[in-house]
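Let me begin by presenting the structure, written as structure tokens, before commenting on it.
Number of protein chains: 2
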Amino acid sequence: MSRVCALLVLLRERPSHGYELAERLSSIGIDARLGQSMYRLLHDIERQGLAQSTWDLSQSGGPPRRIYTISEAGEKFLAEATPELVRQRDALDAVLARFGHRSAAG
Amino acid sequence: MSRVCALLVLLRERPSHGYELAERLSSIGIDARLGQSMYRLLHDIERQGLAQSTWDLSQSGGPPRRIYTISEAGEKFLAEATPELVRQRDALDAVLARFGHRSAAG
DNA sequence: GCCGCTAAATGTATACTGCACTTAGATGTA
DNA sequence: TACATCTAAGTGCAGTATACATTTAGCGGC
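For the protein sequence lines, the chains are A and B, in the order given.
With the working numbering applied, the first sequence covers 1 to 106.
With the working numbering applied, the second sequence covers 1001 to 1106.
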């Protein structure tokens, strides 16, 4: 679920295609291995109506790209999922804190 | 993996049994639904040598409890898993920050 | 005997993930 | 022409994780 949200957050910033999303994700520190599962995840996201895709045949060089754009439902999903993400982050913080690891909140 | 770590962190504080671990987890905000998967997870942890268990037949009232104690290997596992947990926490933070959500670090 | 609480365990179905592999357009080069 | 390389998307499969429901069982109270 947090991976779906990660993708939606990026799509919320701007429409993007799978290959680029993989790069953007790894640049913000999210496991690059997600790359391989990316396309399947994007298909799921579209099937659930959280985003729409169109083929971009216009760019020069390389094969066509499938550009994903977040939908209203995607925005809504993201907003509703936020408390759960916060909970997950706080749970990780709690575990790390109990193990004596200083959190970012110091 | 983070769930295994959550359990190990609690066991590191003191030996505990499944039912109690479920309560302790939900008290620090970790999904109570973990409760149902708890026993299987604890079996896995023991099978991997990260903890040992003994039956506690002494307590008055109620059925016997299986008390888990963290092992050396468990401590080591936890120490080695910490960077990954930190990475996961930071990834969640990054996603939340991009969605405009203030992190605990403010 | 029956109910409710504690405690552990199992059964089953589905979702997630990782890893490897395949397809295919565009470009460069020997 | 043949071949290699980069970009981009997609598929197959095996293993793991997760959720949800159900089962077994000791003990105490009514």
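A virtual CB, placed ideally from N, CA and C, is assigned to each residue, including glycine.
For a Cβ distance threshold of 9 Å, nothing in chain A lies close to Phe1077 of chain B: the least Cβ distance comes to about 12 Å. At a C-beta separation below 9 Å, Leu50 of chain A has no neighbours in chain B, since its nearest C-beta there lies roughly 14 Å away. For chain B, the residues of the segment 62-91 of chain A that bring a beta carbon within less than 8 Å of one of its beta carbons are Leu78, Thr82, Leu85, Val86, Arg87, Gln88, Arg89, Asp90, Ala91, in chain order. In the three-state reduction of the DSSP assignment, Arg1012 of chain B falls in the helix class, which pools H, G and I. The C-beta distance from Ile70 of chain A to Ala51 of chain A rounds to 5 Å, short enough to fall under 8 Å. Annotated as proximal: Gly18 of chain A and Arg66 of chain A, with beta-carbon spacing under 8 Å. Here Ile1045 of chain B really is in contact with Leu1007 of chain B; their C-beta atoms are around 6 Å apart, less than 8 Å. In chain order, Val1095, Arg1098, Phe1099 make up the part of chain B whose C-beta sits under 7 Å from the C-beta of Val9 of chain A. Between Arg14 of chain A and Leu1096 of chain B, the gap from beta carbon to beta carbon reaches 8 Å or more.
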